[in-house]
Amino acid sequence: PPLGVLEESVSQELVALFADALRRDMRLVEARAAASGADATEGDKDGFVHVAAADGKRQGGGLSLVGKYALRERVGAEKKVLKRVFSQMADVFGAQEEQPYKKYRCAVAGLRESLRVTEVYMSSGRWAAIVPKEVPSECGRRHRKAFLNEKDGSLGDAMPATGDRFPDDPGRVACRENFLEAAQKKGGLKSTVVTADALCRDARRARTESERSVVDAQAESHIEHVRKGLEEKAREMAAAAAGTPCPPTRTRLATR
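Numbering (my numbering), first residue to last: 134 to 389.
And the structure:
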């Protein structure tokens, strides 16, 4: 088919996939909230409630990541696609001009809360509720200073107990303590997606002992991840050389 027709066909399929995944996740969260007897929060007045993870455990089991990477209504290109999504989900979002966007925001907020998206906790000031083990690799690397409650230009460890960014904020101090504690545990911090050269640069730029300990923990986690991957590939190659079929390895990306 002509290129334009092919692009339109692919676009329609992607819109349909996004709409189906969003509808499924919304129903799953609503059902989970109803089963647990959760009430709608103030931000979810239109009926799209989320399950609060008050016990600190991830509540995203069974959910896709469509809520985390949902289309944004204020980005021109994405807004156009979002209108097509609304047309396919008119039964959910309604047909009025402003109503779909309002309900969409509430739905996405509920999904991100259930997925325990780190940025949601950061923007709402719930630093103490952030679980270091659940923070994605690149997010943990980019916001390392914020998690440790240290200023970008910190020199030495003048305030090792609290950090010098917001030393009087108990939430920020608790977040720092949680990350330093996680750095002492094997596999306490994620580092599967971070590249080795990025960690090397971070190690050279680290100016405080606490930051160096977190960088070292991420580096050790990354090395362990790479080692396991190489060992798995070596077993597959050995099995293939011996004529024994070996099932393909399911990568981390494929299981998401």
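Using N, Cα and C, we set each Cβ at its ideal position, and we do this for glycine too. In this text, all values refer to a predicted model and were calculated from it rather than measured experimentally.
Helix, strand or coil for residue i, going by three-state DSSP, please let me know.
i	result
ARG157	helix
LYS319	coil
MET292	coil
PHE280	helix
PHE226	helix
GLY390	Outside the modelled stretch of the chain, which goes from 134 to 389, sits residue 390, for which no answer is possible.
ARG249	coil
ILE356	helix
PHE312	helix
PRO300	coil
ARG305	helix
GLU342	helix
GLY286	coil
Taking just the CA atoms, how far does residue j sit from residue i?
i	j	result
ASP297	SER343	12 Å
SER346	LEU313	8 Å
CYS239	SER144	25 Å
VAL184	LYS361	The predicted position of VAL184 is uncertain, since its pLDDT is 47 and thus under 50; no value can be drawn from it.
ARG305	TRP260	6 Å
GLU454	ALA336	Only positions 134 to 389 of the chain appear in the structure, and residue 454 is not among them; the question remains open.
GLY189	PHE299	In this prediction, GLY189 scores a pLDDT of 38, lower than 50, which makes its location untrustworthy; the coordinate-derived value is nonetheless stated afterwards. If I take the Cα positions, the gap works out to 24 Å.
SER169	SER197	20 Å
ALA262	LYS366	38 Å
ARG245	GLN232	20 Å
LYS284	ALA371	50 Å
ALA210	LYS236	20 Å
ASP301	ALA307	11 Å
ALA375	HIS358	26 Å
GLN351	GLY243	30 Å
ASN282	SER220	45 Å
VAL264	THR295	18 Å
GLU364	TYR202	32 Å
ARG160	ASP349	42 Å
ARG338	ALA164	47 Å
CYS333	GLY258	30 Å
Does the beta carbon of residue i sit closer than 8 Å to a beta carbon anywhere in chain D?
i	result
ALA352	Checking the listed chains, one finds no chain D in this structure; it contains a single protein chain.
Do residue j and residue i have their beta-carbon atoms positioned less than 8 Å apart in this structure?
i	j	result
PHE151	VAL218	yes
GLY321	LYS266	yes
SER247	VAL162	yes
HIS355	ALA316	no
VAL268	LYS318	no
Who are the Cβ neighbours of residue i in its own chain at under 7 Å, not counting the five residues just before and after it?
i	result
ARG277	GLU344 and VAL347
VAL214	VAL148 and LEU204
GLU146	none
SER270	LYS323, SER324, THR325, VAL326 and VAL327
LYS212	GLU206
Going along the chain, which residues of its own chain have a beta-carbon closer than 8 Å to the beta-carbon of residue i, five neighbours each way excluded?
i	result
LYS178	For LYS178, the predicted model reports a pLDDT of 41, less than 50, meaning its position is unreliable; a value from the coordinates is still stated below. These residues qualify, in order along the chain: CYS239.
ALA223	none
ALA116	Residue 116 lies beyond the residue range present for the chain, which begins at 134 and ends at 389; the question has no answer from this structure.
GLY227	PRO233 and LYS236
CYS272	THR251 and GLU252
Since I believe residue j is in contact with residue i (beta carbons under 8 Å), could you give me their beta-carbon distance rounded to a whole number of angstroms?
i	j	result
ALA166	VAL199	With a Cβ gap of about 18 Å, ALA166 and VAL199 do not count as contacting.
ARG156	VAL225	6 Å
ALA331	ARG274	7 Å
GLU252	TYR234	No, GLU252 and TYR234 are not in contact; Cβ-Cβ is about 20 Å, not under 8 Å.
Can you find the residues in the same chain that come closer than 6 Å, C-beta to C-beta, to residue i, ignoring five residues on each side of it along the sequence?
i	result
MET292	PRO300
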